[in-house]
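2 protein chains.
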Amino acid sequence: MKATLQTIADELGVSRSTVSNAYSRPDQLSPELRARILSAAQRLGYAGPNPTARSLRSGKVNAIGVLLTDNLSMAFTDPYAVAYLRGLAEAASARETSLLLLNLPKDEAAGRRVISNAAVDAFCLYCVPDWHSALELVRSRGVPIVIGEDPQAFGPDASYVGIDERAAARRLGEHVANLGHRDIAVVAHWIVDDGVTSQVHADLADLRYYVTGERVRGFRDALLAAGVPWERVVLINAAANQREEGTEAAAHALDRLDRATAILCTSDVLALGVLDALRVRGLQAGRDVSVTGFDDIPEAEAAGLTTIRQPSVERGRLAGELLLDPPEDPALRRLTLPVSLVVRSTTGPNTAKEKS
Amino acid sequence: MKATLQTIADELGVSRSTVSNAYSRPDQLSPELRARILSAAQRLGYAGPNPTARSLRSGKVNAIGVLLTDNLSMAFTDPYAVAYLRGLAEAASARETSLLLLNLPKDEAAGRRVISNAAVDAFCLYCVPDWHSALELVRSRGVPIVIGEDPQAFGPDASYVGIDERAAARRLGEHVANLGHRDIAVVAHWIVDDGVTSQVHADLADLRYYVTGERVRGFRDALLAAGVPWERVVLINAAANQREEGTEAAAHALDRLDRATAILCTSDVLALGVLDALRVRGLQAGRDVSVTGFDDIPEAEAAGLTTIRQPSVERGRLAGELLLDPPEDPALRRLTLPVSLVVRSTTGPNTAKEKS
DNA sequence: CCGACGTACTGTATCGATACAGAAGGAACT
DNA sequence: AGTTCCTTCTGTATCGATACAGTACGTCGG
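So the sequence lines, in the order shown, correspond to chains A and B.
Sequential numbering from 1 applies to the first sequence in the numbering used here.
Sequential numbering from 1001 applies to the second sequence in the numbering used here.
Now the structure itself:
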């Protein structure tokens, strides 16, 4: 029916191997024969070796699987995720490798099927809740993995490109504490996974999501060191890492008698939402209330947001390179990248009179 | 070395077929045997049937190839593209199918290799310049294709989900003409593919990119009908479909003696950039200069942008469905979706005194 | 003239699964 | 008892390529 290597081979009376070589190893046959083969292929509507068959035999598929949680649009909407993906795509594209976006559905069995069926040379995991049930299956696939969050999550075999989340958050906390703030709120995504934006009790044990957990713990480290009891901090869970949720979360910090003078957010996106909330209330960021973000996404600069700059595109790019050209030395497969504190206008000295 | 179906089969003394059935057709064997097989598999570190081998035999890979031009970040950055991709991903995910993002590099041979090597059940083409050299190869792969731009591009075999670009643009042109505007500029992406943002001569023959071409032709239809000679219209090419380019393009319409009173843009993103340019110059959109966009991306509403609303997510979703569940009737594989004119505050009556 | 070597091509085994026809055994019905 | 049918499993062919060893045929140095 459809043309295969054999069809072309029969047509010209040569062997299948030779036709294969015409495509994959041109130096193995004379230019004349190769030209005849290619023209016969064109005539017969043969588009080149079947990628699936080729992959089966050669053991390579030229694709990296990117695991995304069921809210796939997040990957396209969240600025940090977009930057990371772009870096990953660049590294992949440079090696003629494609990205297979794997959308993990809510249904667990379906998720396992998606992972099992994915023809990939490697997996890249980022922004995946580390408690997800299907992750063990990823490891059992036996292909290289790169992770960007909890460095311990997949054991020492997995490559890792990340930052010291906790130390970075600590710097934000120190910055705010040094400005004299004592009434502090923390807005964080996925402190608890209940899909509700509301204040939660400061019970750190609930921090199952690594990134949020480390960042919140970093804030705590800094505040405790500055003499701010952790119980005094208002902890607010954002249902999603979205600007609107940041706005809603901010209400819990602003619309109360003991209004926070500083709001630490676990992401720039949330912080931008908090800034929206300030604006609505006629409050000025950096004067009335200090706000910090995390990531330094492109929008942060225009908003004057004090934040931690992390190399998002670079993280993605390095992740791709670790997967496709893994260094011999295992130590070089675990990278912790530097970050920097970027102080802009949304943080300033505490001007509220000190409470008793 | 690595476990295969045969490994498990040998371990338990059953046939390979039975092990295969344990995974793919559980009704074909007794629950007890199946349980034994699965537990043996777990013990031997077998993660389930090799996806590549399965695909070769079954002829399905559960993936849709999405062609992206070399500027892959566009797919993640442009709001319309993000919406479309999201719809596509939703449709795919509902059928346990993944998206293979194919980044076409500048190098033509490499691009052909990427297309040839892509293991996919179908291709989705959107935002691909229709003159791209590798497109013919896509067709020759012989898998279903869905396109979203020029309905004629791939012949009647390709599915199509689009809108009547020209008629939609005409409505914008009519709207602006009805408001009395006669000094009009058009800002369009890819009028010419020279990577420069600048005024170009109104030579429509250069409009190789279908979408831009149709939209510009739609503007022309309306303006001609309203008695505005096409030669009088200032045509400005935007080097990229980005907000900044819109701002730069606007300068060519605004910083001149015969300033345009209306600027028609081929996308919301460009229009938002034009609005930025107005703001910088102290001009008010809708009063001093009318501006229109196209697409109705989420940001358009907040900006008060008059635009054409098109069902972006729906386009993607339908594209996915046409590929994965093609209707019998060929007529149902070619969908033209309705659009609507959304009039907001960036357009208003022409207040400039009429020139001679 | 002979062995060594290079070039151009061939032939078979193999990658890891699924499809499908078929076999063995027991239950059910006439 | 004979036939049919169902359940449960088996065995072989096949999907479409690549890997690799091998063959045929010069050519060339000694």
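C-beta: ideal position from N, C-alpha, C; glycine also.
Note that this is a predicted model, so its numbers are computed, not measured.
Proximal residues to Ala300 (chain A) (C-beta, below 7 Å), its chain only, five neighbours per side dropped:
In the first sequence, the residue the question calls residue 300 (chain A) occupies position 300. Around Ala300 (chain A): Asp268, Gly293 and Thr307.
Taking C-beta pairs closer than 7 Å, name the residues in chain A that Leu1137 (chain B) reaches, listed in chain order.
If you number the second sequence from 1, residue 1137 (chain B) lands on position 137. Within chain A, the residues near Leu1137 (chain B) are Ala47.
Near Ala9 (chain A), what residues of its chain come up, given a Cβ to Cβ distance below 8 Å and the 5 sequence neighbours on each side ignored?
Locating residue 9 (chain A) in the first sequence gives position 9, counting from the first residue. The residues are Ser15, Arg16, Thr18 and Val19.
Does the beta carbon of Thr77 (chain A) come closer than 9 Å to any beta carbon on chain B?
Sequence index remark: in the first sequence, residue 77 (chain A) carries index 77 (1-based). For Thr77 (chain A), the answer is yes, since a Cβ of chain B falls inside 9 Å of its Cβ.
Is His189 (chain A) near Leu272 (chain A), with beta carbons less than 9 Å apart?
Locating residue 189 (chain A) in the first sequence gives position 189, where the first residue counts as 1. Locating residue 272 (chain A) in the first sequence gives position 272, where the first residue counts as 1. No.
What runs of the beta strand (DSSP E), each 3 residues or longer, lie entirely inside the region 96–149 of chain A?
98–103, 122–125 and 145–147
Starting from His1189 (chain B) and walking both ways along the beta strand (DSSP E), at which residues does that stretch end?
Stepping through the second sequence from its first residue, residue 1189 (chain B) is reached at position 189. Ile1184 to His1189 is the extent of the beta strand (DSSP E) around His1189 (chain B).
Exposed or buried, which one is Thr1351 (chain B) when buried takes at least 16 other CB atoms within 10 Å?
As a first step, residue 1351 (chain B) is located in the second sequence; it is residue number 351 there, counting from the start. Exposed is the call here.
Give the range of the beta strand (DSSP E) segment to which Ile263 (chain A) is assigned.
By 1-based counting over the first sequence, the position of residue 263 (chain A) is 263. That run of the beta strand (DSSP E) goes Ala262 to Cys265.
Alpha carbon to alpha carbon, how far is Gly1246 (chain B) from Gln1284 (chain B)?
Along the second sequence, read from residue 1 onward, the residue named residue 1246 (chain B) stands at position 246. Along the second sequence, read from residue 1 onward, the residue named residue 1284 (chain B) stands at position 284. About 16 Å.
Buried or exposed for Ser1340 (chain B), going by 16 or more other Cβ atoms inside 10 Å?
Position 340 of the second sequence, counted from the start, is the residue given in the question as residue 1340 (chain B). With fewer than 16 Cβ atoms within 10 Å of its Cβ, Ser1340 (chain B) is classed as exposed.
Using the rule of at least 16 other Cβ atoms within 10 Å of the residue's Cβ for burial, across every protein chain shown, is Leu44 (chain A) buried or exposed?
As a position in the first sequence, residue 44 (chain A) is number 44, starting the count at 1. The residue in question, Leu44 (chain A), is exposed, as its Cβ has fewer than 16 Cβ neighbours within 10 Å.
Measure how close the beta-carbons of Met74 (chain A) and Ala83 (chain A) come, nearest whole angstrom, since I'm counting them as under 8 Å.
Within the first sequence, residue 74 (chain A) is the residue found at index 74, counting from 1. Within the first sequence, residue 83 (chain A) is the residue found at index 83, counting from 1. About 13 Å; that fails the 8 Å criterion.
For a test of the three-state rule: what should DSSP assign to Leu272 (chain A), helix, strand or coil?
Taking the first sequence and counting its residues from 1, the one referred to as residue 272 (chain A) is at position 272. Leu272 (chain A): helix per DSSP, three-state reduction.
What residues in its chain sit with their C-beta under 6 Å from that of Glu1214 (chain B), if we drop five residues either side in the sequence?
Position 214 of the second sequence, counting from 1, holds the residue named residue 1214 (chain B). Excluding sequence neighbours, Glu1214 (chain B) sits near Glu1165 and Arg1166.
Strictly under 9 Å for the Cβ-Cβ distance: is Val1146 (chain B) near chain A by that measure?
Start at 1 with the first residue of the second sequence, and residue 1146 (chain B) comes out as number 146. For Val1146 (chain B), the answer is no, since every Cβ of chain A falls outside 9 Å of its Cβ.
Can you say whether Leu332 (chain A) is buried or exposed, counting buried as having 16 or more other CB atoms within 10 angstroms of its CB?
Here the question's residue 332 (chain A) lines up with position 332 in the first sequence. Counting Cβ neighbours within 10 Å, Leu332 (chain A) comes out exposed, since fewer than 16 surround it.
Within 8 Å: the Cβ of Pro1229 (chain B) and any heavy atom of the ligand COA?
Judged by which ligands are present, the structure shown has none, so any question about the ligand COA falls away.
Continuous beta strand (DSSP E) assignments of at least 3 residues falling wholly in the region 207–254 of chain A
234–238
Rounded C-alpha distance that separates Thr1347 (chain B) from Gly348 (chain A)
Locating residue 1347 (chain B) in the second sequence gives position 347, counting from the first residue. Locating residue 348 (chain A) in the first sequence gives position 348, counting from the first residue. Computed Cα separation, rounded: 41 Å.
Could you give the first and the last residue of the continuous beta strand (DSSP E) run that contains Ala1063 (chain B)?
The count along the second sequence starts at 1 and reaches residue 1063 (chain B) at position 63. Its beta strand (DSSP E) spans residues Ala1063 to Leu1068.
Given Arg309 (chain A), which residues of its chain have a CB within under 7 Å of its CB, disregarding the five upstream and five downstream residues?
Residue mapping note: residue 309 (chain A) aligns to position 309 of the first sequence, counting from 1. Excluding positions up to five away in sequence, the list reads Asp296, Val339, Ser340 and Val342.
Which word fits Glu321 (chain A), buried or exposed, when buried means at least 16 other C-beta atoms lie within 10 angstroms of its C-beta?
What you label residue 321 (chain A) is simply residue 321 of the first sequence in a count that begins at 1. Classification for Glu321 (chain A): buried.
So, for Arg1344 (chain B): in the same chain, excluding its five sequence neighbours on each side, which residues have a beta-carbon less than 7 Å away from its beta-carbon?
If you number the second sequence from 1, residue 1344 (chain B) lands on position 344. Cβ neighbours of Arg1344 (chain B) beyond the five flanking positions: Gly1304, Leu1305 and Thr1306.
Rounded to the nearest angstrom, what separates Arg139 (chain A) and Leu1012 (chain B) at their Cα positions?
For this step, residue 139 (chain A) is matched to residue 139 along the first sequence. For this step, residue 1012 (chain B) is matched to residue 12 along the second sequence. Arg139 (chain A) and Leu1012 (chain B): Cα-Cα distance of roughly 24 Å.
Glu1159 (chain B): first and last residue of the uninterrupted alpha helix (DSSP H) it sits in
As a working note, residue 1159 (chain B) is residue 159 in the second sequence. One point to set straight first is that residue 1159 (chain B) is Ser, not Glu, in the sequence displayed. It is not in any alpha helix (DSSP H) - Ser1159 (chain B) instead sits in the beta strand (DSSP E) that spans Ser1159 to Ile1163.
Skipping 5 residues on each side, what residues in its chain have a beta carbon closer than 7 Å to that of Tyr23 (chain A)?
Position 23 of the first sequence, counted from the start, is the residue given in the question as residue 23 (chain A). Cβ within range, chain order: Gly48 and Pro49.
Could you tell me whether the region 234–252 of chain A touches the region 217–225 of chain A, using the rule of 3 or more Cβ pairs below 8 Å?
no
Measuring straight from C-alpha to C-alpha, what distance separates Arg1357 (chain B) and Gln152 (chain A)?
Past the edges of chain B, shown from 1001 to 1356, lies residue 1357 (chain B), and the structure says nothing about it.
C-beta neighbour in chain A for Asn1241 (chain B), strict 9 Å
Taking the first residue of the second sequence as position 1, residue 1241 (chain B) is located at position 241. Chain A contact via Cβ: absent.
Val1289 (chain B) versus Ile1236 (chain B) - alpha carbon distance
As a working note, residue 1289 (chain B) is residue 289 in the second sequence. As a working note, residue 1236 (chain B) is residue 236 in the second sequence. Straight-line Cα distance between these residues: approximately 16 Å.
Tell me Asp1295 (chain B)'s beta-bridge partners as DSSP assigns them.
Locating residue 1295 (chain B) in the second sequence gives position 295, where the first residue counts as 1. Paired residue(s): B:Arg1309.
So within the region 9–92 of chain A, which uninterrupted alpha helix (DSSP H) runs reach at least 4 residues, ignoring any that extend past its ends?
16–24, 31–44, 51–58 and 73–77
Using the rule of at least 16 other Cβ atoms within 10 Å of the residue's Cβ for burial, across every protein chain shown, is Thr1336 (chain B) buried or exposed?
Numbered from 1 along the second sequence, position 336 holds the residue referred to as residue 1336 (chain B). Flag for Thr1336 (chain B) reads exposed.
Closer than 7 Å by C-beta to Ala1432 (chain B): which residues in its own chain qualify, once you throw out the five before and the five after it? Chain order, please.
Since the first and last residues shown for chain B are 1001 and 1356, residue 1432 (chain B) lies out of range.
Chain B contact residues for Leu44 (chain A), given Cβ-Cβ distances below 8 Å:
In the first sequence, residue 44 (chain A) corresponds to position 44, counting from 1. Within chain B, no residue comes near Leu44 (chain A); the closest Cβ sits about 11 Å away, beyond 8 Å.
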